[in-house]
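First up is the structure itself, then whatever we jot down about it.
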Amino acid sequence: MSFEVRMKKRTKLIVLRIFSALMAAVMIWFINLDFIRPALMQDGAYLLFIGFIGIFFLFFAWSFYAQKRPRIKVNGQDITFYPMWRPSQKVTLSAITARNVKGDTTGEKIDAAIGSALLSPPLADALEQRYTAALQNPNPKDMVYTYYSGNTKLISVSTKTMENVERFDKMVVDKLEGRPLEQEMPAAQIQPAK
């Protein structure tokens, strides 16, 4: 059985690429205006703009990296975890000893934080109530799965942003509960129905 758990919302990465390229282009155009360049050179603000241009180029490059790199790669019993800011880690399925499941309320949490910082108090209060309601929901639609090897956290993945998470989780649950793993049949062994 071979499959990958990877990012499914690629449109967000495309938007990030467009935004980053557009912002870098606007800043390059701005600092090259004839009447702005001397003022920026005298104040030392030129370096600040160069720094922001570099940050936008890094966001642009990171979007390709995040789209291409899988989070989990399964090849039979061998599993490779690719955490976002750490090197990859290869383990076997038997090395996963525990898992933790909770509802994914990150979108509501971000909305509540932005609302409380930027919006009026009544709107911020409404967003905070929405976040509280999402936390108390017994059946959230998105889940966060965290896998452990002993006390060491291997990786956390969310069904909101990743595809094939449920398939991987079912495989881990079957292993932890001692059920036989479902094996993929090669195409040559599959016989058409008569």
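Counting along the sequence shown from 1, when you hit position 75 you're at 74 in numbering that gives the first Met the number 0, and nothing is skipped either side. All C-beta atoms, glycine included, are put in the ideal place defined by N, C-alpha and C. Just so you know, these numbers come straight off a predicted model, no measurement behind them.
Taking C-beta atoms as the reference points, K7 and T145 fail to come closer than 8 Å. Taken atom to atom, the span from the alpha-carbon of P69 to that of T151 is near 21 Å. Annotated as proximal: I30 and L39, with beta-carbon spacing under 8 Å. Of the residues S87, F55, E3 and L47, the one whose Cα lies closest to the Cα of F18 is F55. Three or more Cβ pairs closer than 8 Å define a contact, and the region 63 to 77 meets that threshold against the region 88 to 102. From the listed residues M170, N99 and L153, the smallest Cα separation to V143 is found for N99. Here DSSP, grouped into helix, strand and coil, assigns I71 to strand. For the set E176, V14 and E165, the Cα lying nearest the Cα of S62 is the one of V14. Scanning its chain for C-beta atoms nearer than 6 Å, with the 5 sequence neighbours on each side dropped, one finds around A97 the residues Y147, in chain order. The shortest C-alpha to C-alpha distance from L47 to any of L32, Y64, G177 and M26 is the one to M26. DSSP places D173 inside the alpha helix (DSSP H), whose first and last residues are V164 to L175. In the DSSP assignment, R36 falls within the alpha helix (DSSP H) that extends over R36 to D42. Inclusion of I154 and P82 in the CB contact set at 8 Å is warranted, their separation being smaller than that value. In this structure, the CA atom of M22 is about 28 Å from the CA atom of R5.
Taking a C-beta distance under 8 Å as the contact criterion, E3 and I71 qualify as a contact pair.
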